[in-house]
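Heads up, the thing below is written out as structure tokens.
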Amino acid sequence: MNTPTPHSANPWAPPPIRVPEAPQWPRLSPLDKAALIGRIKSLLQEQGALLVAHYYTDGDLQQLAEDTGGCVADSLEMARFGAQSAATTLVVCGVRFMGETAKILNPEKRILMPDLRATCSLDEGCPLELFSAFCDQHPERTVVVYANTSAAVKARSDWVVTSSIALPIVTHLHALGEKILWAPDKHLGHYIERKTGADMLLWPGACVVHEEFKGFALQRLRRLHPEAAVLVHPESPDEVVDQADVVGSTTALIRAVTELPNREFIVATDEGIFWKMHQLAPHKKLIAAPTAGVGATCESCAHCPWMAMNALQNLEEVLATGSNEVQIDPEIGRRAVAPIQRMLDFARAQGPTPSRARVLGG
Ligand code: SF4
75 MNTPTPHSAN PWAPPPIRVP EAPQWPRLSP LDKAALIGRI KSLLQEQGAL
125 LVAHYYTDGD LQQLAEDTGG CVADSLEMAR FGAQSAATTL VVCGVRFMGE
175 TAKILNPEKR ILMPDLRATC SLDEGCPLEL FSAFCDQHPE RTVVVYANTS
225 AAVKARSDWV VTSSIALPIV THLHALGEKI LWAPDKHLGH YIERKTGADM
275 LLWPGACVVH EEFKGFALQR LRRLHPEAAV LVHPESPDEV VDQADVVGST
325 TALIRAVTEL PNREFIVATD EGIFWKMHQL APHKKLIAAP TAGVGATCES
375 CAHCPWMAMN ALQNLEEVLA TGSNEVQIDP EIGRRAVAPI QRMLDFARAQ
425 GPTPSRARVL GG
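First residue of the sequence shown? That's 75 in this note's numbering, and the numbers climb one at a time after it.
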């Protein structure tokens with residue numbers, strides 16, 4: 075792997091990530107929950123607002139987004155939906171970079187988030203100053219950053235990609251003979267490097283959720299479920315990716331559950347995705363991939379602690395008070411929009427959502 079230098083001597087080592095405790099929301103009785111959902115629906119209607127929710131958020135939020143004309147999607151589709159929607163207010167249920175991307179693409183719209191502290195270990199692990207210095211050392215390389223980065227890091231890039239479009243974009247750049255500086259997820263970068271043969275210099279960031287999946291424990295689980303197809307998000311380590319029947323973005327993994335004939339699936343990505351998988355394939359059995367070997371300490375337990383900061387309770391609060399509006403420095407937004415738009419234009423030129431064959435290949 076073409077990483078900068080060994081970690082201990084690595085001047086580009088990202089800062090240590092402080093993983094928050096997953097918030098414990100009070101349990102609501104069915105009556106209280108129905109009343110709360112009713113109030114949120116009224117607020118959405120009064121304010122001409124739509125919900126844009128990621129697959130990793132709580133199922134109640136995904137259901138509400140669908141019931142009210144909003145969108146439940148991966149980060150590429152969230153960005154597309156926000157850019158095409160006529161709503162004047164978008165409430166982004168996800169993590170901060172998703173709200174920022176919505177604001178960059180729609181500076182005239184009001185973008186709210188249930189909790190602005192909901193960040194991402196990839197974003198936190200790629201601070202602008204350090205990353206910028208890294209780029210300055212490699213001016214000959216095309217800078218490709220994953221969407222899970224701050225607006226300022228996007229503004230420093232040539233291309234922004236999501237996991238569903240990263241492989242075709244890097245394939246395209248490689249065919250043009252370009253060398254790539256990739257950030258921040260080293261596992262996804264290494265996966266793409268292996269698939270494309272592109273010359274990629276990798277920033278050493280990682281997702282705290284996917285990095286916890288364990289290859290040895292997965293081998294044992296596969297022996298217990300020999301008929302199960304193994305679905306893996308490419309932010310996972312090589313030892314997990316190498317055991318996959320399907321490697322792909324959240325959208326690709328959901329499609330695999332609906333399209334493959336298997337009755338059982340072992341799923342290595344955030345467990346929030348199970349809500350949509352169950353909805354589309356209720357008769358299929360979903361098994362969470364193991365996040366810890368015997369005696370290991372599980373930090374993430376396959377659920378992103380920042381995604382868990384989104385709940386019905388704080389969603390109602392931001393709609394009622396107008397708090398937690400996403401703000402972007404206009405100059406940073408102006409520079410960040412070009413690499414994001416480049417990705418959206420590339421995706422549009424590729425045509426509709428990828429066919430199964432291409433998704434399964436990616
Ligand atoms: S699951 Fe990982 S990549 Fe996604 S928001 Fe959480 S920390 Fe970031």
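Beta carbons: idealized from backbone N, C-alpha and C, even for Gly.
Check your understanding: Closest by CA to F171, which one among V235, G271, V315?
Key -> Ranking the options by Cα distance to F171, first place goes to V235.
Point to revise | Expected contact under 8 Å - CB spacing of L202 and S224 to nearest Å | key: The C-beta distance from L202 to S224 rounds to 7 Å, short enough to fall under 8 Å.
Point to revise | Beta carbon of A376 nearer than 7 Å to that of A362 | key: yes
Practice item. To the nearest angstrom, report how far apart S323 and A192 are at their CA atoms. Key: A straight-line Cα-Cα distance of about 21 Å links S323 and A192.
Review point. Between E120 and A87, what straight-line distance do the alpha-carbon atoms span, to the nearest angstrom?
Key: Rounded to whole angstroms, the separation of the alpha carbons of A87 and E120 is 47 Å.
**Study point:** Unbroken stretches of the alpha helix (DSSP H), 4 residues or longer, contained in the region 157–201
**Key:** 170–179, 195–198
Practice item. Decide if the region 112–129 is in contact with the region 390–397; the criterion is three or more beta carbon pairs, one per stretch, under 8 Å apart. Key: yes
Practice item. Check the Cβ-Cβ distances between A229 and every residue of chain C, and say whether any is below 7 Å. Key: Any reference to chain C falls outside this structure, which holds one protein chain only.
Check your understanding: In this structure, what does DSSP give as the bridge partners for T216?
Key -> Answer by DSSP bridge pairing, in chain order: I254.
Exercise for review: Using beta-carbon positions only, say whether A303 and F339 come within less than 7 Å of one another.
Suggested key: In this structure, F339 lies closer than 7 Å to A303 by Cβ.
Review point. If I239 sits next to A421, beta carbons under 8 Å apart, how far is it from one beta carbon to the other, in whole angstroms?
Key: 5 Å
**Study point:** Cβ shell of V169 (< 7 Å), same chain only, five flanking positions each side left out
**Key:** Excluding sequence positions up to five before and after V169, its CB lies within less than 7 Å of the CB of A192, T193, C194, W380, M381, all in the same chain and listed in chain order.
Practice item. Answer with buried or exposed for R329, where buried requires no fewer than 16 other C-beta atoms within 10 angstroms of its C-beta. Key: buried
Check your understanding: Buried or exposed: which applies to E333, given that a residue is buried once 16 or more other Cβ atoms fall within 10 Å of its Cβ?
Key -> exposed
Check your understanding: At which residues does the beta strand (DSSP E) containing V306 begin and terminate?
Key -> 303–306
Review point. If we ignore side chains and look at the alpha-carbon of each, how far apart do L135 and C167 end up?
Key: Rounded to the nearest angstrom, the gap between the Cα atoms of L135 and C167 is 8 Å.
Practice item. State yes or no: is the C-beta of L305 nearer than 6 Å to some heavy atom of the ligand SF4? Key: In this structure, the C-beta of L305 stays at least 6 Å away from each heavy atom of the ligand SF4.
**Study point:** Whole-angstrom distance between R337 and R215, CA atom to CA atom
**Key:** 45 Å
Point to revise | Assumed close pair L19, A157 - CB separation to whole angstroms, cut-off 8 Å | key: Examination of residue 19 is not possible in this model, given that the chain is present from 75 through 436 alone.
Review point. Heavy atom of the ligand SF4 less than 6 Å from the Cβ of T180, yes or no?
Key: Checking the sequence, you will find Asn at residue 180 rather than Thr. No, the Cβ of N180 stays beyond 6 Å of every heavy atom of the ligand SF4.
Point to revise | Between the CA atoms of P242 and Q353 - distance to the nearest angstrom | key: If I take the Cα positions, the gap works out to 29 Å.
Check your understanding: Any chance the CB of V283 is under 6 Å from a heavy atom of the ligand SF4?
Key -> Checking the Cβ of V283 against the ligand SF4 gives yes.
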